[in-house]
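Novice: Protein chains in written order, with our numbering: chain A, 66 to 287; chain B, 66 to 287. In this text, a Cβ means the ideal position worked out from N, Cα and C, and glycines have one as well.
There are 2 protein chains.
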Amino acid sequence: MKIAVIGGTGPQGRGLAYRLALAGHEVIIGSRDASRAADKAAEIAEAVRQTGLDAVSVGGDENLAAAGNAEHVLLAVPYDGHGELVASLAPALSGKIVVSCVNPLGFDEKGPFALDVADGSAAEEGQRLVPDARFVGAFHHVSAVNLWKHKGPLTEEDVLVCGDDDDANNIVADLAKAVTGHRGVIAGGLRLARELEPLTGVLISINKRHKVRSGVRIIGLD
Amino acid sequence: MKIAVIGGTGPQGRGLAYRLALAGHEVIIGSRDASRAADKAAEIAEAVRQTGLDAVSVGGDENLAAAGNAEHVLLAVPYDGHGELVASLAPALSGKIVVSCVNPLGFDEKGPFALDVADGSAAEEGQRLVPDARFVGAFHHVSAVNLWKHKGPLTEEDVLVCGDDDDANNIVADLAKAVTGHRGVIAGGLRLARELEPLTGVLISINKRHKVRSGVRIIGLD
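#1: What are the residues that DSSP puts in a beta bridge with Gly253 (chain A)?
#2: Spell out the partners DSSP gives Pro177 (chain B) in its beta bridges.
#3: Helix, strand or coil for Ser165 (chain B), going by three-state DSSP, please let me know.
#4: Just by C-beta distance, which residues in the stretch 78 to 105 of chain A are closer than 8 Å to chain B?
#5: Listing by chain order, which chain A residues have their CB less than 8 Å from the CB of Val121 (chain B)?
#6: Under the rule that 16 or more other beta-carbon atoms within 10 Å means buried, what is Gly253 (chain A), buried or exposed?
#7: Which residue marks the beginning of the beta strand (DSSP E) containing Leu139 (chain A), and which one marks its end?
#8: For a contact defined as C-beta to C-beta under 8 Å, what are the partners of Phe204 (chain A) on chain B?
#9: Using the three-state DSSP reduction, which class does Glu111 (chain B) fall into: helix, strand or coil?
#10: Taking C-alpha atoms, which residue in B:Gly176, B:Pro177, B:Leu261, B:Arg193 lies nearest to Asp184 (chain B)?
#11: List the DSSP bridge partners of Arg199 (chain B).
#12: Any idea what DSSP makes of Asp119 (chain B), helix, strand or coil?
#13: Could you work out which residues of chain B lie near Ala179 (chain A), taking near to mean beta carbons separated by less than 7 Å?
#14: Is there a Cβ from chain A that is less than 7 Å from the Cβ of Lys216 (chain B)?
#15: Would you kindly report the start and end of the unbroken alpha helix (DSSP H) that includes Lys273 (chain A)?
#16: Apart from the five residues just before and just after Ser96 (chain B), which ones in its own chain have a Cβ nearer than 6 Å to its Cβ?
#17: Between Asp229 (chain B) and the rest of its own chain, which residues show a CB-CB distance below 6 Å, the 5 nearest in sequence each way excluded?
#18: Could you work out which residue in A:Leu219, A:Arg274, A:Phe200 is closest to Asp231 (chain A) when comparing CA atoms only?
#19: Could you give the DSSP three-state label for Ala69 (chain B): helix, strand or coil?
#20: Do Gly125 (chain B) and Ile162 (chain B) have their CB atoms nearer than 7 Å?
#21: If the criterion is Cβ atoms closer than 7 Å, does the pair Leu170 (chain A) and Ile68 (chain A) meet it?
#22: So if DSSP puts Ser96 (chain B) in a beta bridge, which residue, or which two residues, is it bridged to?
#23: So what's Val237 (chain A) in DSSP terms, helix, strand or just coil?
#24: Check the DSSP bridge columns for Gly148 (chain B) and list the partner residues they point to.
#25: For the beta strand (DSSP E) that Gly78 (chain B) lies in, which residues bound it at each end?
#26: His206 (chain A): which of A:Asp181, A:Asn272, A:Lys105, A:Val113 sits nearest, CA to CA?
#27: Would you say Val288 (chain A) and Leu219 (chain A) are within 7 Å of each other, going by their C-beta atoms?
#28: Starting from the beta carbon of Ala252 (chain A), find every residue of chain B whose beta carbon is closer than 7 Å, and list them in chain order.
#29: Would you say Pro263 (chain A) faces chain B, with C-beta separation under 7 Å as the test?
#30: Chain A beta carbons: is any one of them nearer than 7 Å to that of Gly133 (chain B)?
#31: Would you mind telling me which residues of chain B sit closer than 7 Å to Lys175 (chain A), beta carbon to beta carbon, in chain order?
#32: Run down chain A in chain order and give the residues with a C-beta less than 7 Å from the C-beta of Glu222 (chain B).
#33: Determine the chain B residues that contact Gly280 (chain A) at a beta-carbon separation under 8 Å, and present them in chain order.
#34: DSSP puts Gly280 (chain B) in a beta bridge; with which residues?
#35: How is Glu91 (chain B) classed by DSSP in three states: helix, strand or coil?
#36: In or out: Val210 (chain B) buried (at least 16 other Cβ within 10 Å) or exposed?
Here's what the structure looks like:
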C-alpha cells in the first residue's frame, strides 16, 4: 500500500514510517516543510537499507501533497493544531482510510493527563471534520523508541484498533502486522478512541516510574 | 490482612473476595443486607474449601460494620449510588487503605462508554469524600468470571495500581498477587484512575466482539 505518514518527521511518525517501509509498503513522509520531509525520508530509507532490504520506497513531501498522493493516510501529529491541520488536508483525505495515532495529552507536575477534547477524542474530531474519510484509531501505544531501535517485530504487544467501518478496521488491523508481526486487535467503534488515546498517558507514567518503554497486550484472546 | 469487600455480593466483588480468601486473607463481605452478605460469604468459603484449603475465614456483614471491622476496604460497587455509599461509610474508612475497583460506565447501542464523573474518576470522588483515607485504584480489568472460575492464578494479566500514597500503592500491588501470582504494576498517581476506570469499557467491547474474557498486560517491564 502507498501510505502517507503526516507528522512523519516526529519520533512516532518516523518509527511507524520505518516499520511500514520495512514491511514493503510505499511510504510518503508528510511535513509542513517539503525539504524536512525529504531529509527524514532519506534517513528512514537508509535505516531500512541497513537491515539488508534493497527495495525500499520512502519519499517526502509537503503534507497536502503527501496525503493527496497516498492511498491511505496516517496521522502522527501532536494534538496541538490537529483540527486546523485535518481541516486543511480534507480534500486529500476524502474517501481514504485515515489512521489516527494522535494522543491529546497534557503534562503538569503530576505527569501526563488527558486533554479535554470537545469531540471526545482526536479521532472523532478528525472524523467530524472529514465525514467522508474513514477514520480509524490505532498505533497509539507503541513506543517510538522501540519502533525505531528495536530489532524485529514487537511481538509482545498488541495494536488496538477502533473505528466505525469494518473494512477499514480490518485493513488497519492487517497493517499492524508491520509493527508487531500479528494482526491488531479490533476493539470496537471509533468512540473507544476516548479511552485508547489517553491510555498513552498511563504508559508514559509507567515508563517514567519504572524506567522502561512499556506497551499493552490484551490477554485472553487465544 | 483483614479486608472488607464492599459489593462482595456482586460478580466482581465475589470473585475478588474468593481470590483474597484463597490467598489466606481474612475477608468480610459487605452488603446493604447482612443476611445476603452472610449467604455470599458461605458460598465463597465453600468454594475456597473445595480447592482443598481448610483454613478459610470469610464472613459477611452490613456494609458499615464490614468496613469498620476490617483493616483495609475494597470497593467493588456499581458507580450508581457510589458517592452516597462512600459518604455513608466515611467513619469506617478513615485512616484505611480503600481499594477502588469502581468502573463508571454506561451502555448504549454503540456499547460501553465512560460516564461523566465530576471529580474525574470514582476513585478521586471517593478520596474527596474521605480525605483521610488512602484511596488506591486497582483490579478494574480482571474478568469477574475468570476470578471465580479460572483454576489457579491469572498469571498472564497485570493488575494496574494508581494512588497518591506510595506505601498504600505498594500494599495494594502486593495484594494483587492473590489474583495474578505477581505484584501489580504501579502506574502512578490516583488521577490515572481517569484512564484506568473507563479502560474496562474497551475490554468489555473486545469481549463482546471477540467472544472472550480479556484482560490487560503491560509489556516491556522486564
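Specialist: Once the coordinates are examined:
#1: Taking the first sequence and counting its residues from 1, one reaches residue 253 (chain A) at position 188. Gly253 (chain A) pairs with A:Cys227.
#2: The residue given as residue 177 (chain B) occupies position 112 in the second sequence. Paired residue(s): B:Phe172.
#3: For the purposes of this step, residue 165 (chain B) is taken as residue 100 along the second sequence, with counting starting at 1. Strand at Ser165 (chain B).
#4: none
#5: Within the second sequence, the letter at position 56 stands for residue 121 (chain B). Going along chain A, no residue has its Cβ under 8 Å from Val121 (chain B), so there is no contact; the nearest lies around 28 Å.
#6: Locating residue 253 (chain A) in the first sequence gives position 188, counting from the first residue. It counts as buried.
#7: Residue numbering aside, residue 139 (chain A) sits at position 74 when the first sequence is read from its first letter. Here the beta strand (DSSP E) through Leu139 (chain A) covers 137 to 140.
#8: The residue given as residue 204 (chain A) occupies position 139 in the first sequence. Proximity of chain B to Phe204 (chain A) at the Cβ level (cut-off 8 Å) is not reached, the minimal Cβ distance being about 15 Å.
#9: In the second sequence, the residue the question calls residue 111 (chain B) occupies position 46. It is helical.
#10: The residue you call residue 184 (chain B) lines up with position 119 of the second sequence. Closest option to Asp184 (chain B), Cα to Cα, is B:Arg193.
#11: Stepping through the second sequence from its first residue, residue 199 (chain B) is reached at position 134. Here Arg199 (chain B) is bridged, per DSSP, to B:Ile162.
#12: If you number the second sequence from 1, residue 119 (chain B) lands on position 54. Of the three classes helix, strand and coil, the one that applies to Asp119 (chain B) here is coil, per DSSP.
#13: As a position in the first sequence, residue 179 (chain A) is number 114, starting the count at 1. Within chain B, the residues near Ala179 (chain A) are Arg259, Glu260.
#14: Numbered from 1 along the second sequence, position 151 holds the residue referred to as residue 216 (chain B). Chain A, which has no Cβ nearer than 7 Å to the Cβ of Lys216 (chain B), makes this no.
#15: Here residue 273 (chain A) refers to the residue found at position 208 of the first sequence. Counted as a single uninterrupted DSSP element, the alpha helix (DSSP H) harbouring Lys273 (chain A) occupies residues 258 to 275.
#16: Within the second sequence, the letter at position 31 stands for residue 96 (chain B). Within the same chain, Ser96 (chain B) has close Cβ partners Thr74, Ala102.
#17: Residue 229 (chain B) sits at position 164 when you count from the first residue of the second sequence. Gly254, Leu255, listed in sequence order.
#18: As a position in the first sequence, residue 231 (chain A) is number 166, starting the count at 1. When the alpha-carbon of Asp231 (chain A) is set against those of A:Leu219, A:Arg274, A:Phe200, the nearest one is in A:Phe200.
#19: The count along the second sequence starts at 1 and reaches residue 69 (chain B) at position 4. Shown here, Ala69 (chain B) sits in a strand according to DSSP, grouped into three states.
#20: Along the second sequence, read from residue 1 onward, the residue named residue 125 (chain B) stands at position 60. Along the second sequence, read from residue 1 onward, the residue named residue 162 (chain B) stands at position 97. No, these two residues do not count as a Cβ contact at 7 Å.
#21: For this step, residue 170 (chain A) is matched to residue 105 along the first sequence. For this step, residue 68 (chain A) is matched to residue 3 along the first sequence. No. Outside cutoff.
#22: Looking up residue 96 (chain B) in the second sequence gives position 31. B:Glu127, per the DSSP bridge assignment.
#23: The residue labelled residue 237 (chain A) in the question sits at position 172 within the first sequence. Correct three-state label for Val237 (chain A): helix.
#24: The residue labelled residue 148 (chain B) in the question sits at position 83 within the second sequence. Paired residues: none, contrary to the question.
#25: As a first step, residue 78 (chain B) must be located in the second sequence, where it is residue number 13. Counting along the chain, Gly78 (chain B) falls outside any beta strand (DSSP E), though it belongs to the alpha helix (DSSP H) covering 76 to 87.
#26: Against the first sequence, residue 206 (chain A) aligns to sequence position 141. With distances taken between Cα atoms, His206 (chain A) lies closest to A:Asn272.
#27: Shown here, chain A extends from 66 to 287; a query on residue 288 (chain A) therefore has no answer.
#28: Your numbering for residue 252 (chain A) matches position 187 in the first sequence. By Cβ distance, chain B contributes Val267, Ser270, Ile271.
#29: Taking the first sequence and counting its residues from 1, one reaches residue 263 (chain A) at position 198. So yes, Pro263 (chain A) belongs to the interface.
#30: By one-based count along the second sequence, residue 133 (chain B) stands at place 68. Gly133 (chain B) does not count as touching chain A.
#31: Position 110 of the first sequence, counted from the start, is the residue given in the question as residue 175 (chain A). In chain order: Gly254, Arg256.
#32: Taking the first residue of the second sequence as 1, we reach residue 222 (chain B) at position 157. By Cβ distance, chain A contributes Ile284.
#33: Locating residue 280 (chain A) in the first sequence gives position 215, counting from the first residue. Ordered by position in chain B, the residues that pass the 8 Å Cβ test against Gly280 (chain A) are Ile283, Ile284, Gly285.
#34: Here the question's residue 280 (chain B) lines up with position 215 in the second sequence. DSSP links Gly280 (chain B) through a beta bridge to A:Ile284.
#35: By 1-based counting over the second sequence, the position of residue 91 (chain B) is 26. In the structure shown, Glu91 (chain B) sits in a strand (DSSP, three-state: E or B).
#36: In the second sequence, counting from the first residue as 1, residue 210 (chain B) sits at position 145. It is exposed - the Cβ of Val210 (chain B) has fewer than 16 other Cβ atoms within 10 Å.
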